[in-house]
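Residue numbers (this note's numbering), protein chains in the order written: chain B, 1 to 276; chain D, 277 to 552. In what follows, a single structure is set out as structure tokens and then discussed.
Protein chains: 2
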Amino acid sequence: MKMFNNVVIIGTGLIGGSLGLSLKKRRLSGTIYGLSLHQRNAKLAKKIGAIDKAVKDLEVVRSADLVILATPVDSIIDIAAKIKDKLKKGCIVIDVGSTKEKIVCRLDPLISNFVGCHPLAGSEKKGIVNLGGDIFTGSTCIITPSALTNKKALNKIKAFWVKLGAQVEVISPKKHDQALACTSHLAHAVAFALMNSIPENFLNFSLSSLKEVTRISASDPGLWSQIFLSNRNNLLSAISSFQNKIAALGLALKNNDKKFLIKILKSANKKRERLG
Amino acid sequence: MKMFNNVVIIGTGLIGGSLGLSLKKRRLSGTIYGLSLHQRNAKLAKKIGAIDKAVKDLEVVRSADLVILATPVDSIIDIAAKIKDKLKKGCIVIDVGSTKEKIVCRLDPLISNFVGCHPLAGSEKKGIVNLGGDIFTGSTCIITPSALTNKKALNKIKAFWVKLGAQVEVISPKKHDQALACTSHLAHAVAFALMNSIPENFLNFSLSSLKEVTRISASDPGLWSQIFLSNRNNLLSAISSFQNKIAALGLALKNNDKKFLIKILKSANKKRERLG
Chain B
1 MKMFNNVVII GTGLIGGSLG LSLKKRRLSG TIYGLSLHQR NAKLAKKIGA
51 IDKAVKDLEV VRSADLVILA TPVDSIIDIA AKIKDKLKKG CIVIDVGSTK
101 EKIVCRLDPL ISNFVGCHPL AGSEKKGIVN LGGDIFTGST CIITPSALTN
151 KKALNKIKAF WVKLGAQVEV ISPKKHDQAL ACTSHLAHAV AFALMNSIPE
201 NFLNFSLSSL KEVTRISASD PGLWSQIFLS NRNNLLSAIS SFQNKIAALG
251 LALKNNDKKF LIKILKSANK KRERLG
Chain D
277 MKMFNNVVII GTGLIGGSLG LSLKKRRLSG TIYGLSLHQR NAKLAKKIGA
327 IDKAVKDLEV VRSADLVILA TPVDSIIDIA AKIKDKLKKG CIVIDVGSTK
377 EKIVCRLDPL ISNFVGCHPL AGSEKKGIVN LGGDIFTGST CIITPSALTN
427 KKALNKIKAF WVKLGAQVEV ISPKKHDQAL ACTSHLAHAV AFALMNSIPE
477 NFLNFSLSSL KEVTRISASD PGLWSQIFLS NRNNLLSAIS SFQNKIAALG
527 LALKNNDKKF LIKILKSANK KRERLG
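The structure is reproduced here in structure tokens:
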């Protein structure tokens, strides 16, 4: 059943494009318009059926019932400022950025029906060439309302993600950024640093475990430097907490303290079990 | 074609058991005898066809043409010392331990046809219940001879691994331990520390990336504390080099230095590409 008539997706990359495909597959929308900084991406999105029309001009939002901001995090606030006075009454705007506090704090007072979202779906591959229509099925989408968030818009967006197959978690933007600093941004920072620390001449002696641990270090530097900087303080404290843990392991090793080493490893085992 | 008549596998876990299955599948051996500290494991190995006979007594090595030491690293040297005077002339002994310098240094003078090996196959799962007959196909096996290694035995063991489907790399035990400290042991240490650093209450907000990066933190604490301690100095220096890299990333973040951050991330991208 159609939830929105005109939908405008700004940023037709991996997440934006996948949203278009999912909406069409489930017949949740009328016409989907797509904009991209790189016109080629929007045309490609049209070609594979993720959007109905590739457009160049932000004026298209005037007819929108739902606007999805799916650009890299640095551009979301700027684009929202450009479209805020063009939106018709009742139009809902969501973003799908990887950090939320700064974005929600700036956009909530700017757009009356804004709802911050972060679908925990994606991969180290960016861009429309890697998109799929079903990346949200079985995934979790975090929705981060503030005191200013319109309740009706919030409920509609909750239903929207559920219809896309996602399980919805509602938490504050602040808690989102603290949590994701640990569960996503730190993991990426560690993978980048680990990859950088391995001497070139040893790369031939790699096991599947190393490939797996470092796979996400193939993630896009432009996107991830933005994500890191937009969650700077939380990530710095996550890095610091991680540094304490690796230092503790190093110290146990230096002291030949097998008992403590086993205790450290067992504690990681136990926590890892909870991840499934 | 049969390469060895009587084969004795000491330690019928993931690697030992898989070797038994692979040898039988490719008809490379006569009778395979299996010993395990836990009699139940050897019986299970017999049940699934990884060995022909489960035995309790090390005396069985008297008739062996090939002895495979596949116990955790800490026991390899002790067991070798116990069997050295029982071996018949021409019997080849190999180990499959994850670290090599200490083992090769001790066993080379002890056993005339000893060849140190490290098949880069396995997983975070230990034990015979997870073994498979084809884990060596397409894998790399590192062979670590010293000046004392018998050339004929070395060549036969090279051929043995090739027949099991592995690609053979021959390097010194010292270089092996330096390389694996970086490409395997450090990756495990980092995964254990990363898992330990994530607050319990944030575990619900995990992405597939975190699950992937930390999968090996489910590895066995007993086995891995032995591996870490048996390669202590190399691992300490690998940890130290990694600590410099994560500190550099943290500093770029602290300084809001986007340009340097991108440079760090790009360098990891480039190296990761080489891993395939």
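Where a beta carbon is used, it is the ideal one built from N, C-alpha and C, also for glycine.
Shown in chain order are the members of the stretch 214-244 of chain B whose Cβ falls below 9 angstroms from a Cβ of chain D: T214, R215, I216, S217, A218, S219, D220, P221, G222, W224, S225, Q226, F228, L229, R232, L235, L236, A238, I239, S240, S241, F242, Q243 and N244. I48 of chain B has its alpha-carbon roughly 25 angstroms from the corresponding atom of S98 of chain B. Scanning its chain for C-beta atoms nearer than 7 angstroms, with the 5 sequence neighbours on each side dropped, one finds around H464 of chain D the residues I492, S495 and W500, in chain order. For a cut-off of 8 angstroms, the C-beta gap from A238 of chain B to C182 of chain B is around 5 angstroms, short enough to register as a contact. At a cut-off of 3 residues, not a single continuous stretch assigned as beta strand (DSSP E) sits fully inside the stretch 483-528 of chain D. The beta carbon of I32 of chain B lies closer than 6 angstroms to those of V7, G20, I51 and D52 in the same chain, with the five residues before and after it left out. Judged by DSSP in its simplified three-state form, S305 of chain D adopts strand. Taken through DSSP and simplified to helix, strand or coil, D74 of chain B comes out as helix. Where P449 of chain D is concerned, the enclosing alpha helix (DSSP H) starts and stops at P449 to L456. Here the C-alpha atom of Q443 of chain D lies approximately 28 angstroms from the C-alpha atom of L386 of chain D. For F436 of chain D, there are no neighbours in chain B by C-beta distance under 9 angstroms, as the nearest C-beta there is about 20 angstroms away. Shown here for A357 of chain D: same chain residues with a beta carbon closer than 8 angstroms to its own, the five before and five after excluded, namely L386 in chain order. For K542 of chain D, the closest Cβ of chain B is nearer than 8 angstroms.
Per the coordinates, the alpha-carbon of K151 of chain B lies some 15 angstroms from the alpha-carbon of K89 of chain B.
Here T416 of chain D carries a strand assignment [DSSP, helix/strand/coil]. Collapsing the DSSP output to three states places A330 of chain D in a strand.
Rounded to the nearest angstrom, the gap between the Cα atoms of L512 of chain D and K266 of chain B is 20 angstroms.
Contact of F202 of chain B with chain D is assigned, a C-beta pair being separated by under 8 angstroms.
Residue environment: K271 of chain B is assigned as buried (16 or more neighbouring CB atoms within 10 Å of its CB, all protein chains considered). Apart from the 5 residues on each side of it in sequence, A429 of chain D sits with its Cβ closer than 7 angstroms to the Cβ of I368, N389 and V391 in its chain, given in chain order. In this structure, DSSP gives I540 of chain D a helical state, which the three-state scheme calls helix. The beta carbon of I522 of chain D falls within 8 angstroms of a beta carbon belonging to chain B, placing the residue at that interface. Spanning the alpha carbons of K434 of chain D and I419 of chain D requires a straight line of approximately 8 angstroms. Here the stretch 29-45 of chain B makes contact with the stretch 59-71 of chain B; the two share three or more CB pairs at distances below 8 angstroms. The beta carbons of H461 of chain D and F504 of chain D sit about 6 angstroms from each other, so the pair counts as a contact at 8 angstroms. In the DSSP assignment, L66 of chain B is bridged to B:V7 and B:I92.
Take the alpha-carbon of D533 of chain D and the one of W161 of chain B: they are about 36 angstroms apart. For V115 of chain B, the uninterrupted beta strand (DSSP E) segment begins and ends at F114 to P119. With fewer than 16 other CB atoms across the displayed protein chains lying within 10 angstroms of its CB, Q39 of chain B is exposed.
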